[in-house]
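First up is the structure itself, then whatever we jot down about it.
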Amino acid sequence: MTAPAPITSLQNPQIKRLVRLRERRERERSGTILIEGARELARALQAGVRPESVFSCPALHSPEAAALAPALGPVTELSRAAFDKVSGRENPDGLLALAPTPHPILPEPGPQAVTVVLHGLEKPGNVGAILRSADAAGAHSVLVLGRGADPYGPNVIRASQGSVFALPVAVLDEADALAWLSARGFTTFACTPDAPRTYWDAPLTGRVALLLGTEHEGLPEAWRRADHALSIPMQGRGADSLNVATAAALMLYECARQRRTPQQEAV
Numbered sequence: 000m001t002a003p004a005p006i007t008s009l010q011n012p013q014i015k016r017l018v019r020l021r022e023r024r025e026r027e028r029s030g031t032i033l034i035e036g037a038r039e040l041a042r043a044l045q046a047g048v049r050p051e052s053v054f055s056c057p058a059l060h061s062p063e064a065a066a067l068a069p070a071l072g073p074v075t076e077l078s079r080a081a082f083d084k085v086s087g088r089e090n091p092d093g094l095l096a097l098a099p100t101p102h103p104i105l106p107e108p109g110p111q112a113v114t115v116v117l118h119g120l121e122k123p124g125n126v127g128a129i130l131r132s133a134d135a136a137g138a139h140s141v142l143v144l145g146r147g148a149d150p151y152g153p154n155v156i157r158a159s160q161g162s163v164f165a166l167p168v169a170v171l172d173e174a175d176a177l178a179w180l181s182a183r184g185f186t187t188f189a190c191t192p193d194a195p196r197t198y199w200d201a202p203l204t205g206r207v208a209l210l211l212g213t214e215h216e217g218l219p220e221a222w223r224r225a226d227h228a229l230s231i232p233m234q235g236r237g238a239d240s241l242n243v244a245t246a247a248a249l250m251l252y253e254c255a256r257q258r259r260t261p262q263q264e265a266v
C-alpha cells in the first residue's frame, strides 16, 4: 500500500487543530496535550502515555528522533513548512504527538516521601525546571495549585525535558491538597525569603512538603501558616532572593542529603 502523501497545506484541518492546541483553553476543552521532541516523547512512552496520533517531518529528524520514530507506530508525515507551523521550538527535531491529558493518581507516600507544592507559578520555564529537579532528587510527587502555568503545556513539557511524565504531577484545588497532605501526615515547610530559619538548620526527614509560591507575591497567607517556614541564606550585596526553580532545587537536594544512609555517607 502506498503511504499517504505528506500534509503540505497550512490550511489543512489537522494543522489548524495542532495550532489551536498550543492554547491552554483548547487543550482543556479537548482533554488533549501536545508532546513535541524525541526526548519528551520517549519519556512519555516510558511512563505509559499512549499517543493518539503522531506527526513527523523526516527532513527535521535529529538522530534521536530518527531512532525513535519507528517505535511510534503509524505517523502522519508533514512537510517542513507544515511542521514549522505547528512546532513551538526554534530548532524542532521533527516529532510531535497528541495524547490524552494525564490525570495521575497520587500513590501512597512512603515514610520518607518528599512532595513539592507549587502555588500559582506562572513561568513555564520555572515549573519545568522544578519538575526536572524533583525527578532528579527522587521526589514523590508535585502538586500544582492555583491558575499558574499549565504543567502539561508544551512549554513546561519542553522545560522539564519530559520529567513531567516521570513522577506524579497532580493539579488540585487548595482544599484537596491540604486535605491530602494532612491525612498522610506531611510536615509542611513554607519556603519564603523572610523566614528566620534557614533550610540548612531544618530537619527535612520524614514526610516533607515543600511549599513554593510566585517570585513576586510568594505564598498566600493560608499556605504561609505551614508547620515551619524556611529561607535560603543570602550573602550577596544586591540579590535578596533566588529564582524559585533554583530555590526548589537547593531544598530538594537538602532533603535528599538528609536521607543519605550511613553507607552512602561513607562512600
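Under numbering that gives the first Met the number 0, the letters of the sequence shown match residues 0 to 266, in that order.
A virtual CB, placed ideally from N, CA and C, is assigned to each residue, including glycine.
- Secondary structure in the stretch 38-96: the alpha helix (DSSP H) runs of 4 residues or longer, each lying completely within the stretch, are 62-67 and 79-85 in chain order.
- The beta-bridge partner set that DSSP reports for A189 consists of L210 and A228.
- Exposure of D175 is indicated by the presence of fewer than 16 other C-beta atoms within 10 angstroms of its C-beta.
- One thing to note: A58 has its Cβ no nearer than 8 angstroms to the Cβ of G36.
- Beta-bridge partners of E35 (DSSP): L95.
- Looking at the DSSP output, S140 shares a beta bridge with T114.
- Annotation: A248 to K84 spans about 35 angstroms, alpha carbon to alpha carbon.
- Inter-residue distance for A182 and I32 is about 31 angstroms (C-alpha atoms, whole angstroms).
- Contact annotation: V143 and V207 have beta-carbon atoms that are not nearer than 8 angstroms.
- Membership of A148 in any alpha helix (DSSP H) is not indicated, and neither H nor E is assigned to it by DSSP.
- Taking every protein chain shown into account, the CB of P153 has 16 or more other CB atoms within 10 angstroms, so this residue is buried.
- For T197, DSSP records a beta bridge to S230.
- A direct Cα-to-Cα measurement between F185 and V141 gives close to 13 angstroms.
- Taking C-beta separations shorter than 7 angstroms and ignoring five residues to either side along the sequence, the partners of S159 in its chain run G127, L130 and R131, following chain order.
- Taking the Cβ atoms as the reference, A68 lies roughly 16 angstroms from S86, outside the contact range of under 8 angstroms.
- Within the same chain, D149 and G152 come within 7 angstroms of R23 by CB-CB distance, once the 5 residues on both sides are set aside.
- Look at the beta carbons and you see the stretch 114-123 touching the stretch 213-229: at least three pairs across the two are nearer than 8 angstroms.
- By the 16-neighbour rule on beta-carbons within 10 angstroms, G109 is exposed.
- Nearest neighbour of E39 by Cα position, chosen from V18, R79, S29 and E63, turns out to be E63.
- Boundaries of the alpha helix (DSSP H) around A178: E173 to A182.
- When only Cα atoms are considered, A165 and R42 end up about 7 angstroms apart.
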